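*Asks:* Dropping the structure in here first, questions after.
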Ligand SMILES: N[C@@H](CCC(=O)N[C@@H](CS)C(=O)NCC(=O)O)C(=O)O
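Residue numbers (our numbering): 358 to 482.
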């Protein structure tokens with residue numbers, strides 16, 4: 358089972374690399390605004406989780422420089438996720454608003470949130 362999972366993970370990462378999506382191009386001022394807004398967001402994720410890959414591809418398409426934290430390999434990130442969000446499940450987007458953290462689980466919900474907030478229309482699959 359571990360071997361099958363490792364092979365599937367490698368395949369997902371390979372396909373993701375081969376078919377890397379293109380990023381939207383914005384003028385410098387608009388991109389600078391987005392870069393600033395993205396500082397309030399953090400994606401907790403696993404490298405080869407298909408749901409996380411889906412969210413990262415959506416971020417790439419929309420050119421959103423959101424910090425990512427690996428909740429599998431990094432113990433501190435895993436602890437932050439469990440203590441802050443309440444469960445060890447990825448992807449999870451931490452949204453900091455007015456000094457408060459909101460933890461959003463579910464890849465579809467995260468992609469819809471990013472599309473709405475940054476006025477982009479990236480596919481959810
Ligand atoms: N419906 C969720 C599924 C997320 C999911 O199943 N994530 C797995 C990793 S691929 C997970 O976090 N499992 C818990 C664990 O690994 O401890 C979504 O679309 O985000």
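Where is the CB? At the ideal position from N, CA and C, for every residue including glycine. For clarity, every value in this text was computed on a predicted model and none was experimentally measured.
1) List the endpoints of the continuous beta strand (DSSP E) containing residue 411.
2) Any heavy atom of ligand 1 within a distance shorter than 7 Å of the CB on residue 432?
3) Give me, in chain order, the residues of the same chain whose beta-carbon lies closer than 7 Å to that of residue 459; leave out the 5 immediate sequence neighbours on both sides.
4) Residues around ligand 1, please: the ones whose beta-carbon is closer than 5 Å to some heavy atom of it, in chain order.
5) Within 10 Å of its beta-carbon, does residue 423 have 16 or more other beta-carbons around it, so buried, or fewer, so exposed?
*Replies:* Result, derived from the coordinates:
1) Not the beta strand (DSSP E): residue 411 falls in the alpha helix (DSSP H), residues 407-418.
2) Not under cutoff, so the answer is no.
3) The answer, listed in chain order, is 452.
4) Matched residues: 406, 408, 445, 446, 447, 463 and 464.
5) The residue in question, residue 423, is buried, as its Cβ has 16 or more Cβ neighbours within 10 Å.
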